[in-house]
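Worksheet: the structure to be examined is printed underneath.
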Amino acid sequence: MKAHEVEFVAGATNLDHAPKEPLPEIAFLGPSNVGKSSLINCLLSRQGIARVSKTPGRTQQLNYFRINGRLFFVDLPGYGFAKVPPRVQQQLRKMIEGYLEGSTRLALLLLLLDSRRPPLPRDVELRAWLEESDVPHAVVLTKVDKLKRGELKKSRLRTEELLGLSGHASVLPFSSKSGVGKRELWGVIGEALSGAAGGDDAGLVETS
Ligand code: GDP
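Just so you know, the sequence shown maps onto residues 1 to 208 in my numbering.
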């Protein structure tokens with residue numbers, strides 16, 4: 001995919017303030033510090049575009065980026081940051097749930113987890129909730145450049161087992177440092193978009 005045109009369109013606190021354009025959405029969710037901004041920047045080949053969302057005041061929003069005028073990337077707030085007070089955690093949870101329950105154009109949610117750590121109960125619960133709620137999703141293991149081949153294999157198996165995923169295709173290894181997994185992730189996004197468009201819009205994402 002070549003992201004010719006990337007625009008930060010809106011930081012919304014709920015769906016009422018989300019852009020109204022009827023474009024398919026790819027959403028990104030994960031614990032704070034998992035490497036979400038880096039992954040988005042890597043996918044879009046833009047240094048710093050997702051950092052926009054990190055400027056004060058924008059951190060706790062649903063951040064919409066329009067890509068090539070054809071789709072939105074929705075950067076959801078990171079969860080589980082220990083320094084965030086429980087009241088704010090609760091607000092973030094509500095915002096994320098509100099988005100996941102209410103968005104009608106979500107083609108795929110990418111749940112990001114750090115490949116170096118076993119998923120926590122909160123991650124397991126979240127994934128179970130996604131499954132129950134029929135949210136189309138895939139799991140991405142980030143920062144795999146930090147692992148040796150054997151460690152990565154273990155990490156994948158552990159994640160699949162703990163999250164109750166079947167088959168290796170369900171977990172995508174990714175590194176924004178090395179670019180490992182970038183092509184595969186665009187492939188998964190492209191499939192989700194063509195599925196969401198009723199299968200007749202496979203050209204939505206052009207691979208390069
Ligand atoms: P976010 O809070 O989820 O948006 O995470 P960031 O993208 O800001 O990354 C958090 C930290 O992890 C930063 O110090 C990044 O440099 C580092 N990081 C992110 N992705 C990678 C990766 O693929 N490999 C390595 N080694 N470090 C990464």
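For each residue, glycine too, the CB sits at the ideal point set by N, CA and C.
Predicted model, so just to flag it, every value in this text is computed and none were measured.
Considering only DSSP beta bridges, list what residue 142 is partnered with.
For residue 142, the pairing in a beta bridge is given by DSSP as 114.
Distance, Cα to Cα, residue 56 vs residue 88?
Caution is warranted here: a pLDDT of 49 is assigned to residue 56, below 50, making its placement in the model unreliable, and no coordinate value can be reported.
Say the cut is 7 angstroms; is the CB of residue 123 nearer than that to a heavy atom of the ligand GDP?
No; taking the cut-off as 7 angstroms, the Cβ of residue 123 has no heavy atom of the ligand GDP nearer than that.
With distances taken Cα to Cα, identify the nearest neighbour of residue 41 among 193, 177, 171.
Considering only alpha carbons, the answer is 177.
Which same chain residues end up closer than 6 angstroms to residue 100 when comparing Cβ atoms and leaving out the 5 residues on each side of it in sequence?
Around residue 100: 135.
Rounded to the nearest angstrom, what separates residue 152 and residue 115 at their Cα positions?
One C-alpha to the other measures close to 7 angstroms.
Give the DSSP-derived three-state secondary structure of residue 21 in the structure shown.
Coil, per DSSP.
Buried or exposed for residue 208, going by 16 or more other Cβ atoms inside 10 Å?
At residue 208, the pLDDT of 46 sits below 50, so the modelled position is not reliable and the matter cannot be decided from this model.
Since residue 12 is in the beta strand (DSSP E), which residue starts that stretch and which ends it?
Start and end: 6-12.
Cutoff 6 angstroms; reference residue 181; Cβ partners in own chain excluding five residues on either side:
Cβ contact annotation for residue 181 (same chain, cutoff 6 angstroms, sequence separation greater than five): 172, 173, 174, in chain order.
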